[in-house]
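Chemist: I'd like to ask some things about the structure below.
Encoded structure:
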C-alpha cells in the first residue's frame, strides 16, 4: 500500500515534465530544427522556482490558491487511477466521480485566481476555459459509463482492470476505440493543446488557457506549469491503460511499459501539433459536441 | 468478423462526419472512402468468389473512384467550397444523426432478423446510413450535398444488399451500379446547368414552380 | 423475340448518334416505334413464346406493353412534326433519349425479376430527365432537378423494399430469389413482417414514380415544363409502368394471403390522391399543371380500383388503357395550344378553338373524355369502377369518389372552357394546325371513343385475365 503510493507519486513527480519535453522535441524535429534538450522543462521549472514572488496590490489569497490547488489536485487524482499495470493505491466505489470533479475543483480555483487579478484578458480566458470544459465533461462521463458497463464496477481500478484486454478482442472493441478517440480529444482540450488551444501563442486575444496565467510569475508560474504537466500525465495515463491494458505482473516491467506508452502519447500529441492548424474558436464546441455524441453512440453500442 | 465490424463502424463515423462538416471537398472525399470501404464488404461476407470479387471491384470503381471524381470536378468547375447556411444547422443535424443512429441500433434488436444477423452490425449500420442520407437530403441546400445524401442513401441500401447477394445476380448488381453512375452523371450535368443559369448551386433558388 | 424488342431501340439509339441528317434522325422515331408496335402486337397475340426467367409477359404486362407501344407510336409521329418546329433546340439528345426511354420501359414491363424491374425503372428516370430539360430554361432546370432527385430517392426506397422482400425469403427459410414466379410460388412461406415492410417501401418507391399523393410533388413541375409529347409519354406510359411495379407488390401480397392489407394501403393513397388533385385543380391557371394534377387524380382512381378489387379491378385495368390514350391526346393538343400562344397560362390563352380549330377541338374533346363524359372510354371505366365500389357496398368511398370527380370536372372545366371558347387572344403568327401535329391526338381520341362505344371481346378477356392476376391465388 505504502510502496505503491510512493511509487505512484515518484513516477508522477519525476516524469511529468519529461512529456512536455518530448512534445517540444517532436515539434522541433518536424520543423527541421534540433530543438531544446528533452530536459528543458525541468530547467525552466528550476529557474522559475529560484525567482521571487511578485503580487499585485489588487490581488488576494485567491490569486495564490489557484496554482497551489492546481498542483495538488493532479497529485490526489493520480492516486485514484492505475498507472499501467500498477494498481491505484486508493480505490473505492464511485471514485470516478471524485476523479472527474477533482479536476473541476482545480479549474474553479484557476478561474477564480484569474478573475482575482481583475484583468479583462484573464476574464475572457476564464470564460472560454469554463465553456470548453463544460462541453468536454459529458464526453468524459459517457466514456466512463461505457467502461463501467464493461467492468460492472464503479471504481477506476475496476474500470481499467485487466478485463479490458478481452473486451478489445470481444464485441466491445468498437466502443473502446470510439471512447479512446473521444478521450484523446478531451486530453487535447483539457491540456490546451493544438488544435484547440495553442500553449505557445503570443496573442492574448486568441489564448484560452495561457491567458489566465499572465499575471503569475516566478514560483507561482512554476507551480502552474508543473501542475499542468502533472495533469497531462494523469490523463495520458488513463489513455495508455485503455489502449494497452496488458500487464506483466512484475512492477518494474509494468512501469516500463507504462512509461513507453506515455512516450507514445506525447509523440502523438507532438505530431498532431506539428501537422494541424488551430481550429477556429466556434468550431471547438462543435467538435466537443461531436465527441459527446460519439461517446453516447459508444454507450449505445455496449448497451445493446 | 472483427474487421467487418470496424469497417461498418468507420462507415457510421463517416456518416457523422458528413453530417457535421461544411467543407464540400472533404465531404466528397470521405464519401469516396465510404464507398471504397463498402466495396470490401462482399468479400468479407461471402469470401473470395467470382461474384463477390466482381461486385467488390465494381463497387470500388464506381462508388470509390469514378463518382467522387465526377463530383470533385463539379465542385472545381463551380468554385464552391462550403455548404453555407444549411436549412438545419450542423450541430443539430449531427445530434439528430446520432440519435437516429443510436435509435436504429436499439431498434435492430427488435427486428425479426435471422439468427446469423443478430450479432453483427450489418442491419443497424445499413439503416443508420440510410437515415443519414435522408437527413442530408432534408437539411442541406447545395445541390452537391443533396447528391452526396443520395449517394449515402444508396450506400446504406448497398450494405443491406450485401447480405442478400444470392438474391441479386451479378447482372442486376451491375445494372444497379450502372444506374447509380449514370444517374449521378446526369445529376452532374443538371448541376452544371443550374450553376450556369443561376450562378449558384443553392437549390432554394429553384422555387419558381409552385402553386 | 422479346429481347429483340428491348435491344432494337437501343441499337437504333446508338445509330441515331452518328446519323448527320436532321430529318432522318427524326423519322427514326416513328419507324422504330412502328416496328415496336407491330412486334408487341404479335407477341401479345401469341406468335412467339414469351416466358423466361428474366423477361416474359403475363396478362398484366401484355396490357401495359400494348398501351405503351401505341402511345409511343403516336408520340413518335407527333415528334417528327414537333422537332421540325424546334430546329433551334436540335434533336441530337431528344431522339436517342426517347429511344432509350422506350427500350428501358419495355424492359421494365417485361422484367420477371424484381431486381431487373428496379434497374429498368431507375433507368427510365435517367433517360427521361434530359427529355424534361429539352427547353433549357430556368424553369425546366428546376423541374428536371426536382424530378431527378425525388424520383431517384423514391426508387432507391423501392430497392430497399425489394431487398426486404428478399430478406423475407431468407427469414422464411426458403431459397432466396427475386425471380418473380419463384417468389409467387413460395409467397406463403415468406416471413410476414419483412414482406409487409417490403410492400410498403415498394408502394412508396413506385408510388413516387407513379405520382400518387403525397409523393406527387415533382409531377406538376415536370409535366408543366416538359414538351407536350414528353408529358404524354410520362403521364400515359411511365405512370403505367410504375403502376405495374406497384401491382407486382400487390400480386405478391395476395399470393402470401395478405392482399387485404395491400388493398387498404392502395385505397388510402388513391383517395388521398383524388382529393389532393381535386383541390389543386380548382382555379388552376396553368393548363399543363392542370393536366399533371389530372394525372395524379387518375393514378388515384387506378389505385382505388385495385384497392376495391373485383369488378373495380377490372375497371382499373380498362381505365389504365383509357387514361393513357386520353392523356396522350390531352398533352399533345395542349402542346399545340402552348406553341400557338407561346404560353400555357390562362391569362394569355383564350379562344383556342378559334385560333386552332383542330387542336382546340381535340383539347376540348379530350377534356370531356378524361373527366368521364359519355360516350368516351373513361366514362365506361369510371362507371364500371363505381359499380364495383357500390356493388362491394363501400357506400362512403363511392360517394366520396363521386363528389371528388364532380369537383374535378368543375375545376378542370373552368380552365379548359375558358381557354378554348370565346374570341381568340393574340397568337404567334405562323403557327397553324398541321397534319403531323394533329394526326396522333386525333387517333388517340378516336381510339378512346371506340373503347367507349364498344370493347372487343379479346380485349375484354385480356383485361379480365389481368384483373384476375391480382385476385386469385396462383
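Chains as they are written, first to last, in my numbering: chain P, 1015 to 1318; chain F, 16 to 226; chain B, 7 to 480.
The beta-carbon is built from N, C-alpha and C at its ideal position, and this holds for glycine as well.
Computed from a predicted model, the values in this text were never measured in an experiment.
Taking contact to mean at least 3 C-beta pairs separated by less than 8 Å, is the stretch 377-392 of chain B in contact with the stretch 314-330 of chain B?
Modeler: With a cut-off of 8 Å, the stretch 314-330 of chain B and the stretch 377-392 of chain B count as touching, because enough Cβ pairs lie within range.
Chemist: Evaluate residue 480/B with the Cβ neighbour count: other Cβ atoms within 10 Å of its Cβ, from every protein chain shown; 16 or more gives buried, anything less gives exposed.
Modeler: If you number the third chain from 1, residue 480/B lands on position 474. Confidence at residue 480/B is low in this model, with a pLDDT of 40, below 50, so the placement of that residue is unreliable and no value is reported for it.
Chemist: Which residues, in order along the stretch 131-152 of chain F, keep a beta-carbon less than 9 Å from a beta-carbon of chain P?
Modeler: If the cut-off is 9 Å between Cβ atoms, the stretch 131-152 of chain F has 134, 136 and 139 near chain P.
Chemist: Please decide whether residue 13/B counts as near chain F, where near means a Cβ-Cβ distance under 8 Å.
Modeler: Here residue 13/B refers to the residue found at position 7 when the third chain is read from its first residue. By this cut-off, residue 13/B is not an interface position.
Chemist: Is the Cβ of residue 31/F closer than 8 Å to any Cβ of chain P?
Modeler: Along the second chain, read from residue 1 onward, the residue named residue 31/F stands at position 16. With 8 Å as the cut-off, residue 31/F counts as an interface residue toward chain P.
Chemist: With H, G and I counted as helix, E and B as strand and the rest as coil, what does DSSP make of residue 61/F?
Modeler: Sequence index remark: in the second chain, residue 61/F carries index 46 (1-based). Helix at residue 61/F.
Chemist: With a cut-off of 8 Å on the beta carbons, I'd call residue 177/F and residue 60/F a contact; round off their distance for me.
Modeler: Position 162 of the second chain, counting from 1, holds the residue named residue 177/F. Position 45 of the second chain, counting from 1, holds the residue named residue 60/F. At roughly 6 Å, the Cβ-Cβ gap stays under 8 Å, so residue 177/F and residue 60/F are in contact.
Chemist: Per DSSP, what kind of secondary structure is residue 1229/P in: helix, strand or coil?
Modeler: One-based indexing of the first chain puts residue 1229/P at position 215. In this structure, residue 1229/P counts as coil in the three-state DSSP scheme.
Chemist: Which one of 36/F, 208/F, 181/F and 22/F has the shortest CA to CA distance from residue 108/F?
Modeler: To locate residue 108/F, count along the second chain from 1; it is residue 93. Nearest of 36/F, 208/F, 181/F and 22/F to residue 108/F, Cα basis: 36/F.
Chemist: Go through its chain and collect everything with a Cβ distance to residue 144/F's Cβ below 8 Å, but skip five positions before and after it.
Modeler: Within the second chain, numbered from 1, the residue matching residue 144/F stands at position 129. Around residue 144/F: 26, 27, 30, 167, 168, 170, 171 and 174.
Chemist: Helix, strand or coil for residue 202/B, going by three-state DSSP, please let me know.
Modeler: As a working note, residue 202/B is residue 196 in the third chain. Three-state DSSP puts residue 202/B in a helix.
Chemist: Where does residue 185/B fall in DSSP's three states?
Modeler: The residue you call residue 185/B lines up with position 179 of the third chain. Of the three classes helix, strand and coil, the one that applies to residue 185/B here is strand, per DSSP.
Chemist: Roughly how many angstroms lie between the CA atoms of residue 1308/P and residue 1301/P, to the nearest whole one?
Modeler: Start at 1 with the first residue of the first chain, and residue 1308/P comes out as number 294. Start at 1 with the first residue of the first chain, and residue 1301/P comes out as number 287. Roughly 10 Å separates the two Cα atoms.
Chemist: Flag this pair as yes or no: are the beta carbons of residue 119/B and residue 209/B separated by less than 8 Å?
Modeler: The residue you call residue 119/B lines up with position 113 of the third chain. The residue you call residue 209/B lines up with position 203 of the third chain. No; because the gap between Cβ atoms is not below 8 Å, this pair is not in contact.
Chemist: Near residue 1053/P, which residues of its chain fall below 7 Å by C-beta distance, leaving aside the five closest residues on each side in sequence?
Modeler: If you number the first chain from 1, residue 1053/P lands on position 39. Excluding positions up to five away in sequence, the list reads 1035.
Chemist: Quick one: which chain F residues come within Cβ less than 8 Å of residue 1188/P?
Modeler: In the first chain, counting from the first residue as 1, residue 1188/P sits at position 174. The answer, in chain order, is 20, 21, 24 and 136.
Chemist: Could you tell me whether the Cβ atoms of residue 260/B and residue 268/B are closer together than 8 Å?
Modeler: The residue given as residue 260/B occupies position 254 in the third chain. The residue given as residue 268/B occupies position 262 in the third chain. Result yes, Cβ atoms of residue 260/B and residue 268/B sit closer than 8 Å.
Chemist: Considering only C-alpha positions, which residue in the set 94/F, 48/F, 139/F and 98/F is nearest to residue 219/F?
Modeler: Position 204 of the second chain holds residue 219/F. Residue 98/F is the option with its Cα nearest to residue 219/F.
Chemist: Could you check if residue 1065/P is buried or exposed, using at least 16 other CB atoms within 10 Å of its CB as the buried criterion?
Modeler: Counting from 1 along the first chain, the entry for residue 1065/P is found at position 51. It is exposed - the Cβ of residue 1065/P has fewer than 16 other Cβ atoms within 10 Å.
Chemist: Straight-line CA distance for residue 32/B to residue 39/B?
Modeler: Residue 32/B sits at position 26 when you count from the first residue of the third chain. Residue 39/B sits at position 33 when you count from the first residue of the third chain. Between residue 32/B and residue 39/B, the C-alpha separation is close to 12 Å.
Chemist: With 9 Å as the limit, tell me which residues of the stretch 101-112 of chain F have their beta carbon closer than that to any beta carbon of chain P; keep them in chain order.
Modeler: Those would be 105, 106, 109, 110 and 112, in chain order.
Chemist: Please name the residues in the stretch 145-156 of chain B whose beta-carbon is closer than 8 Å to at least one beta-carbon of chain F, in chain order.
Modeler: Under the 8 Å Cβ criterion, the stretch 145-156 of chain B contributes 145, 147, 148, 149, 150, 151, 152, 154 and 155.
Chemist: Is residue 121/F close to chain P? Criterion is C-beta to C-beta, closer than 8 Å.
Modeler: Locating residue 121/F in the second chain gives position 106, where the first residue counts as 1. Answer yes: the Cβ-Cβ gap between residue 121/F and chain P drops below 8 Å somewhere.
Chemist: When the distance is taken between beta carbons, is residue 422/B closer than 8 Å to residue 310/B?
Modeler: Stepping through the third chain from its first residue, residue 310/B is reached at position 304. Stepping through the third chain from its first residue, residue 422/B is reached at position 416. No.
Chemist: For residue 222/F, count the other beta carbons within 10 Å of its own beta carbon; 16 or more makes it buried, fewer makes it exposed. Which is it?
Modeler: Your numbering for residue 222/F matches position 207 in the second chain. Residue 222/F is exposed by the Cβ-count criterion.
Chemist: Buried or exposed: residue 124/F, going by 16 or more other Cβ atoms within 10 Å of its Cβ?
Modeler: Position 109 of the second chain, counted from the first residue, corresponds to residue 124/F. It is exposed - the Cβ of residue 124/F has fewer than 16 other Cβ atoms within 10 Å.
Chemist: Mapping DSSP to helix, strand and coil, what is residue 1022/P?
Modeler: As a position in the first chain, residue 1022/P is number 8, starting the count at 1. It is helical.
Chemist: Residues of chain B with CB under 7 Å from residue 176/F, in chain order?
Modeler: Locating residue 176/F in the second chain gives position 161, counting from the first residue. By Cβ distance, chain B contributes 169.
Chemist: Examine the Cβ distances between the stretch 79-89 of chain B and the stretch 45-52 of chain B and report whether three or more of them are shorter than 8 Å.
Modeler: No, they do not touch.
Chemist: Give the DSSP bridge partners of residue 400/B, in chain order.
Modeler: By 1-based counting over the third chain, the position of residue 400/B is 394. Answer is none; residue 400/B lacks a bridge partner.
Chemist: Given that residue 1303/P touches chain F, what residues does it touch there, using C-beta distances under 9 Å?
Modeler: Taking the first residue of the first chain as position 1, residue 1303/P is located at position 289. Per Cβ cutoff of 9 Å: 35, 106, 109 and 110.
Chemist: If you check the beta carbons only, do residue 1232/P and residue 1068/P fall under 8 Å apart?
Modeler: Locating residue 1232/P in the first chain gives position 218, counting from the first residue. Locating residue 1068/P in the first chain gives position 54, counting from the first residue. Contact flag set, yes.
Chemist: Relative to the C-alpha of residue 303/B, which residue among 321/B, 17/B and 276/B is closest?
Modeler: The sequence position of residue 303/B within the third chain is 297, counting from 1. Out of 321/B, 17/B and 276/B, 276/B has the C-alpha closest to the C-alpha of residue 303/B.
Chemist: Does residue 223/F have its Cβ less than 8 Å from a Cβ in chain B?
Modeler: Walking along the second chain from the start, residue 223/F turns up at place 208. Residue 223/F counts as touching chain B.
Chemist: For residue 17/F, return the contacting residues in chain P, with the cut-off set at a CB-CB distance below 7 Å.
Modeler: In the second chain, residue 17/F corresponds to position 2, counting from 1. 1187, listed in chain order.
Chemist: Compute the beta-carbon to beta-carbon distance between residue 481/B and residue 274/B, rounded to the nearest angstrom, for a pair I have assumed lies under 8 Å.
Modeler: Missing from the structure shown is residue 481/B; chain B here goes from 7 to 480 and no further.
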